[in-house]
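Counting the sequence shown from 1 gives a position; my numbering is that position plus 559. In what follows, a single structure is set out as structure tokens and then discussed.
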Amino acid sequence: MSDEIELLPPPKSADGVELLAPPKAPSGLERGAKAAARGFVEAVPFTGEKLAEQAGLPKPTTFGERLTRRAARNLPYALGSAPFTGGIPSTLGFVGATGLGQLAEEVGVPEEYQPLAEIVGGGVGQGTADVLGRTLGYVQKPLAALAKKAKNLGYEIDYGAKATQGMKYGSGGTPQSAIRNLDKFTEEATARAGRPTNNVNAAWVEQTQAELGNEVGQLFAGKTFTSKPGFQQKIQDIVNEAESIFGQQGNTARTIIEKNIGGQRAGGELLSPQFKAEDLRGAITQVNSALSGAKGPQAKVLHDLKDALEELARKNLSGKEAIQYDAWRKKYNSWSAISDLIQLEGKTGITASGQVNPEKLLDEITRRTGGRAAANPLYKDLGELGDILKSQVIKPTGGLSAALASATENPLSKGLGTIMQRSVPMRGAGLAATAQTLAPAQQYLQANTLLPAKRQN
């Protein structure tokens, strides 16, 4: 048995003429590519239809080919508008125009009127993008950066934090995450004051104050501090600045210095070159108390004086004691801000369950520092989050409202919100979106100028 394959001659007609083999039918991929090519050519304004006919690109015959052509025809306009709209509006416009236009074709709408359906579909898509922007809020870059930082720090943050509207429950996107975020924030704030807790109350304020007092008392006990001429001049300059703010008679800064560590010689330096450490502690405590009711320029100059006095104490310590004092200083200033938060803000500063309100804490440390919140030890990685973490009372709702809220607060809904949230569109985005929406109008003109000629043929 032979392994060779016998090649048969090509078939012949009755008169002996060889017959040509029938042409091979194009594959589905080839037909799809030609449908896409026709769509791209048809996208050429006003002449695309003629160019496609002249190029010999076949019209689609199946649903897949028709959809491919229409998508290819709308795609260039979506891509053209995307840099101006931010992408999502252009995508929605593209989907709306392609979808409704294709639906019109499939239900039998004449070809010359199908572009009108595309215009309507594109308009609905663009309108949806605008509604999403108003509903979900527009992303603000500074808030987005804070939201990212908060998430990296372990807080539960959703897309609402990136917009001025904020998260649904102030400090979180769900009631549970809002409570957990406030607990975490409170524990971190009180830890910086030396006694971590998630329940700030009068007892915590009193006990923390006592511990801080004992700690600094041991550091300063029996010591005598000195001040050099350069530092004496620095204090004098601050006091002189304070006179222009408080007035000569009500100059709080001068009164505190003279009462605690002032020079004893009439007409001499304001600050004594040598004094008891405990007297300096008294001056620092009084300045801190004066800060509780100060605002604006008064708070700024008192904060400058507080920093200067604390630095004077630091320069008189060394080694382990200096390190201990640096730690005490951060704890004391943290405690002071939280204490003032209770005193000045009440339940808006500290919730009924003892949680620190991040937004109000940021306001408080901004006030205490005369507008320089970053100078407070509670600011970095904590107080600065007050712009996106805002405490609010979570009120009970009815069963139906609770069920609807739960449906919109699940991880899938939050994920969709993150995807669909828009950045602030650039100037000119509206014109670009309108141009994309009205782009099928040129296809309408082509269809209504070419079809009469086709009918005549």
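From the three backbone atoms N, C-alpha and C, an ideal C-beta is built for every residue, glycine too.
Under the three-state DSSP convention, the category K700 falls into: Helix.
Complete alpha helix (DSSP H) runs within the stretch 783 to 860 (minimum length 4 residues, chain order): Listed in chain order, they are 788 to 805, 811 to 820 and 836 to 850.
Option nearest T993 by Cα separation, candidates P617, L876, E670 and V679: The shortest CA-to-CA distance from T993 to any of P617, L876, E670 and V679 is the one to V679.
I794 beta carbon less than 8 Å from that of A867: For A867 and I794, yes; Cβs fall inside 8 Å.
Burial state of A842, where buried means 16 or more other Cβ atoms lie within 10 Å: Buried, since its Cβ has 16 or more Cβ neighbours within 10 Å.
Range of the contiguous alpha helix (DSSP H) that encloses A748: A748: member of the alpha helix (DSSP H) spanning P734 to R751, first to last residue.
Whether A706 touches I947 by CB criterion (8 Å): Taking 8 Å as the Cβ cut-off, A706 and I947 qualify as a contacting pair.
Assumed close pair G660, Q1005 - CB separation to whole angstroms, cut-off 8 Å: Incorrect: roughly 14 Å between the Cβ atoms, too far for contact.
Length of the line joining the Cα atoms of K919 and T811: Distance between the alpha carbons of K919 and T811 is about 27 Å.
Cβ neighbours of N757 in the same chain (closer than 6 Å, five flanking residues each side left out): Around N757: D742, T745 and E746.
Alpha helix (DSSP H) segment containing Y884, residue limits: Where Y884 is concerned, the enclosing alpha helix (DSSP H) stretches over G878 to E904.
Nearest-angstrom Cβ-Cβ length linking W887 and V798, presumed shorter than 8 Å: The pair is not a contact, with the Cβ atoms about 25 Å apart (cut-off 8 Å).
Beta-carbon proximity list for I716, same chain, < 6 Å, skipping 5 on both sides: Result list for I716: A706, A709 and K710, in chain order.
Contacts around G682, its chain only, beta-carbon distance under 7 Å, and the 5 residues preceding and following it disregarded: The beta carbon of G682 lies closer than 7 Å to those of T996 in the same chain, with the five residues before and after it left out.
Inter-residue CB distance, R927 and N916 (contact presumed, cutoff 8 Å): Not confirmed; about 16 Å, so no contact.
Residue nearest to R590 in terms of C-alpha spacing, selected from G615, V666, E624 and G725: When C-alpha distances from R590 are compared across G615, V666, E624 and G725, the shortest belongs to E624.
DSSP-derived helix/strand/coil call for V915: Three-state DSSP puts V915 in a strand.
Integer Cβ distance of D899 from E923, believed to fall under 8 Å: Contact between D899 and E923 holds: their C-beta atoms lie close to 6 Å from each other, under 8 Å.
Sub-8 Å separation of Y728 and Q951 beta-carbons: Going by beta carbons, Y728 and Q951 fall inside the 8 Å limit.
Nonlocal neighbours in the same chain, by C-beta distance under 7 Å from I820, ignoring five residues either side: Taking I820 as the centre and dropping the five residues before and after it, the same chain places the C-beta of L830, S831, F834, D838, L839 and A842 closer than 7 Å to its C-beta, in chain order.
CA-to-CA distance, G598 to L610, given in whole angstroms: If you take the alpha carbons of L610 and G598, they lie about 11 Å apart.
For E943 and V860, believed in contact at Cβ under 8 Å, the rounded distance: At roughly 24 Å, the Cβ-Cβ gap does not stay under 8 Å, so V860 and E943 are not in contact.
Reduced DSSP secondary structure (H/G/I, E/B, other) of A607: Note that residue 607 is Gly in the sequence shown here, rather than Ala. DSSP places G607 in helix when its eight states are reduced to three.
Reduced DSSP category for I909 - H, G, I as helix; E, B as strand; rest coil: Correct three-state label for I909: strand.
When W894, G658, R632 and G930 are compared against N847, the one with the closest alpha-carbon: With distances taken between CA atoms, N847 lies nearest to W894 out of W894, G658, R632 and G930.
Identified DSSP bridge partners for G729: Per the DSSP secondary-structure output, G729 pairs in a beta bridge with M726.
Run of the alpha helix (DSSP H) containing V666, from where it starts to where it stops: From DSSP, V666 is part of no alpha helix (DSSP H); its letter is neither H nor E.
Contact check, G789 vs L771, beta carbons under 8 Å: Result no, Cβ atoms of G789 and L771 do not sit closer than 8 Å.
Rounded separation between G731 and K865 - CA only: Straight-line spacing of the CA atoms in G731 and K865 works out to 36 Å.
Cβ shell of R1014 (< 8 Å), same chain only, five flanking positions each side left out: With a pLDDT of 46 at R1014, under the threshold of 50, the modelled position of this residue cannot be trusted, and the question is left open.
Rounded straight-line distance, which links the Cα of Q845 to that of T814: Whole-angstrom Cα-Cα distance: 10 Å.
G686 and Q724 closer than 8 Å at C-beta: No, they are not a contact pair.
Proximal residues to R739 (C-beta, below 8 Å), its chain only, five neighbours per side dropped: Once the five neighbours on either side are set aside, the close Cβ partners of R739 are E715 and G731.
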